[in-house]
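Peer 1: Below is one structure. I have some questions about it.
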Ligand code: G3P
Ligand code: CA
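This is the structure in structure tokens:
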């Protein structure tokens with residue numbers, strides 16, 4: 006496994022200290038050992054149990070901090086959100102990292118650091134090379150030094166924050182075997198024990214095949230398919246997944262009711278978490294449709310609009 010250089014560690018300690026002090030920008034904050042502690046009574050745990058849809062911080066609190074960085078999940082925690090969403094891909098040398106696009110160009114300084122390596126695909130760079138990149142400055146100078154976390158670093162931070170994870174396997178067609186590898190890393194990080202599986206982890210993908218593979222490897226895991234199958238096709242999805250997570254523009258109350266009317270892979274009514282909803286009016290609209298969760302870049306806006314506490 007790749008080990009981050011010592012120079013980053015000092016900056017990381019500073020960032021961690023800032024985090025403890027409640028600072029808003031803790032760029033390069035380095036993960037530490039998971040505590041294993043769970044959320045206390047009264048946390049936002051559970052599926053729309055009290056008052057409204059569950060709110061998921063998409064790529065972390067990504068309206069306010071650089072997406073898929075540790076800063077983004079730390080900020081989600083400080084805002085009071087325990088569910089965070091991320092995107093998992095694989096480096097050239099086989100490390101799982103948390104980044105959304107299949108190139109590094111939009112969210113890092115890769116074009117400056119490696120000018121001759123276009124088109125800057127994630128899978129064309131080693132973990133050590135990616136670790137050199139600044140994943141924060143593009144968003145704001147206060148986040149200079151934020152980095153692309155490995156999945157392990159990310160999991161340990163989510164655990165330390167006592168948060169929960171909606172993990173997306175991104176573009177699995179580019180990374181053969183990524184499902185098994187993701188489960189291996191989850192297991193090594195302590196995320197496949199009974200408590201995590203029951204309450205703290207959901208694995209999703211736009212690839213039905215990938216979701217099916219995850220379900221086959223770990224039938225106890227909660228999974229979700231990203232997309233909007235026709236009502237006629239929904240029963241086929243119910244065989245291997247528990248949730249259907251659609252883009253909000255593609256759904257209606259009738260479609261949500263049709264999903265709810267089916268029992269998923271674990272014998273419970275299937276659920277719907279919709280994305281990306283960043284404004285109050287749309288949040289109220291999808292809540293009225295009956296969705297179970299809202300995945301958003303601006304979780305505070307959605308909580309204010311529809312409340313999950
Ligand atoms: O969690 C839903 C959402 O992440 C799907 O779209 O492109 O942001 O990964 P995308
Ligand atoms: Ca995603």
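Residue numbers (our numbering): 6 to 314. Glycine included, every Cβ here is placed at the ideal spot set by N, Cα and C.
#1: For residue 161, which three-state DSSP category applies?
#2: For the segment 141-148 against the segment 181-189, are there 3 or more C-beta pairs whose distance is under 8 Å?
#3: Is the CB-CB distance between residue 130 and residue 109 below 8 Å?
#4: For residue 301, is the classification buried or exposed, using 16 other Cβ atoms within 10 angstroms of its Cβ as the cut-off for buried?
#5: Could you spell out where the beta strand (DSSP E) holding residue 61 opens and where it closes?
#6: Within the structure, which residues are defined as neighbours of ligand 1 by a Cβ-heavy atom distance below 5 Å, reported in chain order?
#7: In its own chain, which residues sit with a C-beta less than 7 Å from the C-beta of residue 304, not counting the 5 before and 5 after it?
#8: In the DSSP output, what is residue 4 paired with across the bridge?
#9: How is residue 126 classed by DSSP in three states: helix, strand or coil?
#10: Any heavy atom of ligand 2 within a distance shorter than 7 Å of the CB on residue 220?
#11: On a CA-only basis, which of 260, 255 and 213 is nearest residue 246? Give me that one, please.
#12: With ligand 2 as the reference, list in chain order each residue whose Cβ lies under 5 Å from any of its heavy atoms.
#13: Pairs of beta-carbons, one from the segment 158-175 and one from the segment 196-205, closer than 8 Å: are there three or more?
#14: Run the CB neighbour count on residue 292, radius 10 Å, all protein chains shown included, and call it buried at 16 or more, exposed below.
Peer 2: The short version:
#1: Translated into positions along the chain shown, residue 161 becomes position 156. Residue 161 falls in the helix class under three-state DSSP.
#2: no
#3: Start at 1 with the first residue of the chain shown, and residue 130 comes out as number 125. Start at 1 with the first residue of the chain shown, and residue 109 comes out as number 104. Yes. Within cutoff.
#4: Position 296 of the chain shown, counted from the first residue, corresponds to residue 301. The residue is buried, with at least 16 neighbouring Cβ atoms inside 10 Å.
#5: Locating residue 61 in the chain shown gives position 56, counting from the first residue. 59-62 is the extent of the beta strand (DSSP E) around residue 61.
#6: 90, 280 and 300
#7: Your numbering for residue 304 matches position 299 in the chain shown. The residues are 60, 62, 66, 81, 84 and 86.
#8: Residue 4 lies beyond the stretch modelled for the chain, which goes from 6 to 314, so this question has no answer here.
#9: Walking along the chain shown from the start, residue 126 turns up at place 121. Three-state result, residue 126: strand.
#10: Numbered from its first residue, the chain shown carries residue 220 at position 215. Residue 220 Cβ: outside cutoff for every heavy atom of ligand 2.
#11: As a first step, residue 246 must be located in the chain shown, where it is residue number 241. Residue 246 has its Cα closest to that of 213, out of 260, 255 and 213.
#12: 92 and 173
#13: yes
#14: Looking up residue 292 in the chain shown gives position 287. Classification of residue 292: buried, given that the 10 Å Cβ count is 16 or more.
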